[in-house]
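292 is the number of the first residue of the sequence shown in the working numbering; add one for each residue after it.
Even for Gly, the Cβ is constructed at its ideal location relative to N, Cα and C.
Quick notes on the structure that follows.
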Amino acid sequence: MKTAFSKYIIAGLFAAALWSCKKDEVRTIAGTGTSPLLASNVDTAILQKDHANDTLVKFQWNESDFGFRGVVKYSLQFAKKGTNFAVVKNVSADGMTKSFSVADLNTIANGLEMDNGVLGGMEVRVKATISDNYPAAYSNVKVLVVSSYLDLVDYPSMWTPGDYQGWNPATSAKLASLKSDKVYEGYASFTGATTNFKFTSEASWSGTNYGGTSVNNAGILSTTGDNLQVTGAGYYFLNLDLSTNKWSATRTTWSMIGDAVGGWSNDAELTFDATKNVWTATVNMSAGAFKFRANHAYDINYGDNKPSDPFLNRDGANIVITDPGTYDVTLNLSNAGNYSYALKKK
């Protein structure tokens with residue numbers, strides 16, 4: 292009888308221990324995280340390249356409580372105001388504060404395709420997570436008004452004043468030496484049946500001015516030569532080499548080619564907008580890739596080696612489309628060396 296009674300006691304203690312463990316397990320199940328309260332030290336940010344390295348804005352928030360002591364990961368999410376965070380830029384944060392420099396914030400704004408030089412609303416919120424198995428907690432939405440800039444590389448330059456724009460060097464098409472090797476390139480829109488122009492080393496007539504011979508839109512440069520001349524209206528790729536004094540002008544039209552725009556054997560044509568000096572199209576795009584190219588050939592083509600910025604690269608990587616739909620496409624070749632593009636889904 293004593294042995295049986297002892298067995299009952301041991302069984303009871305074992306059951307109690309199990310019940311206690313189950314209670315402890317219930318207490319450690321995570322719940323929905325509480326919403327952090329997000330604040331920032333500024334509400335408006337005028338971004339200027341001259342202050343790119345300056346720390347501009349600091350975000351801070353309180354802890355999100357998921358019901359137990361565990362590792363909570365935080366990130367800041369940025370989106371255009373009014374888009375309901377349909378497209379976001381995520382920035383991880385260690386702890387519950389995060390500071391951004393002018394350059395940091397400008398990169399985010401350009402990644403969201405905010406208009407440069409125009410005040411616009413950027414929405415910011417904190418995302419708190421403990422695991423993919425539990426829903427994230429989000430903070431209040433903070434609106435930051437920003438004016439961004441296009442971070443252009445300042446290459447060694449030449450200018451192309453001519454009768455197509457009133458012989459004013461400061462407002463003429465600008466060429467750039469991408470490798471600082473005396474070889475310059477850029478694009479110009481010549482509207483006349485015949486265009487006369489010169490190359491100059493300054494945005495005025497006080498620099499070194501180059502004329503020379505003109506044969507079939509090419510020739511040899513000279514500092515004492517006559518005006519250069521191009522025959523035929525169009526959008527020209529200009530190239531000059533001061534180490535050999537040779538120059539050329541290639542008339543171009545532009546298109547897109549790739550399986551994202553119908554295949555690698557058919558071009559989707561772009562149309563030149565003379566008012567904005569850009570090439571545009573509205574294109575139905577599928578998942579895939581494409582490139583921009585001139586004159587339906589690959590002699591002059593652009594891809595994108597760094598999708599995080601808006602700039603193109605000569606002979607660069609294919610531009611990848613992962614979200615099919617109808618897009619407004621803009622190709623901007625007007626900033627010499629800083630060729631860019633924009634894709635805006637309709």
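| query | Where does aspartate 564 sit, in a helix, a strand or coil, going by DSSP? | reply | strand
Exercise for review: With a cut-off of 8 Å on the beta carbons, I'd call tyrosine 440 and lysine 340 a contact; round off their distance for me.
Suggested key: 5 Å
Name the two residues that bound the continuous alpha helix (DSSP H) containing valine 611.
No alpha helix (DSSP H) holds valine 611; the beta strand (DSSP E) holding it covers 610-612.
Practice prompt. Output yes or no for whether 7 Å exceeds the beta carbon distance between asparagine 344 and proline 327.
Written response: no
Buried/exposed call for serine 463, threshold 16 Cβ in 10 Å: buried
* Exposed unless 16 or more other CB atoms sit within 10 angstroms - verdict on serine 513 -> exposed
Query raised in the report: For isoleucine 399, which of helix, strand or coil comes out of DSSP?
Result: helix
**Item:** Reference valine 437; option with closest CA among Glu404, Ser468, Lys597 and Tyr475
**Value:** Glu404
Going by DSSP, what residue range makes up the beta strand (DSSP E) through aspartate 619? 616-623
- Output the residue ranges of the beta strand (DSSP E) runs that lie fully inside the stretch 445-517 and measure 3 residues or longer, sorted by chain position. 448-451, 464-467, 474-481, 485-488, 500-503 and 509-513
Review point. In the structure shown, what three-state DSSP assignment does valine 393 receive?
Key: helix
task = Identify, in the order they occur along the chain, each residue of the same chain with its Cβ nearer than 6 Å to the Cβ of glycine 324, setting aside the five sequence neighbours on each side.
result = Ser355, Phe357, Ala419 and Ala428
| Where does the unbroken beta strand (DSSP E) through valine 521 begin, and where does it stop? | 519-522
Next item on the list: State buried or exposed for glutamate 414, treating a residue as buried only when at least 16 other CB atoms are found within 10 Å of its CB.
Entry: buried
Per-residue burial, tryptophan 555 [other beta carbons within 10 Å of its own, 16 or more giving buried]:
exposed
Worksheet item: Is it the case that the Cβ atoms of alanine 467 and asparagine 508 are separated by a distance below 7 Å?
Response: no
Put aspartate 550 into one of helix, strand or coil per three-state DSSP. helix
Query - Per-residue burial, tryptophan 496 [other beta carbons within 10 Å of its own, 16 or more giving buried] - result: exposed
#### Entry: Interface flag, leucine 396 vs chain B, CB-CB below 7 Å
The displayed structure is made up of one protein chain only, and chain B is not part of it.
Helix, strand or coil: which one does DSSP assign to lysine 340? helix
Looking only at its chain, what residues have a beta carbon closer than 6 Å to the beta carbon of lysine 314, apart from the 5 residues adjacent to it on each side? Summary for lysine 314: the model assigns pLDDT 40, below 50, so the residue's position carries little reliability; its value from the coordinates is reported in the next sentence. Closer than 6 Å at Cβ, skipping near neighbours: no residue.
Taking only three categories from DSSP, how would you classify alanine 427? coil
_Taking the straight line between their C-alpha atoms, what separation do you get for leucine 469 and leucine 443?_
12 Å
Look at the alpha carbon of valine 611 and the alpha carbon of arginine 605, and state the distance between them as a whole number of angstroms.
16 Å
Under the three-state DSSP convention, the category methionine 405 falls into: coil
Put leucine 634 into one of helix, strand or coil per three-state DSSP.
-> strand
* Measure the Cβ-Cβ separation of alanine 585 and threonine 543 and say whether it is below 7 Å. => yes
Distance, aspartate 532 Cα to lysine 380 Cα:
42 Å
When you compare the CB positions of alanine 552 and threonine 621, do they come within less than 7 Å of one another, or not? The sequence as given places valine at residue 552; alanine does not occur at that position. No, Cβ-Cβ distance for valine 552 and threonine 621 is not below 7 Å.
- Query: Taking C-beta to C-beta, are alanine 479 and threonine 499 nearer than 7 Å?
  - Reply: no
To the nearest angstrom, how far is the alpha carbon of glycine 408 from that of leucine 338? 9 Å
Closest Cα partner of aspartate 558 within the set Tyr589, Asp564 and Gly386: Tyr589
* Report buried or exposed for alanine 336, applying the criterion of at least 16 other Cβ atoms within 10 angstroms of its Cβ. => buried
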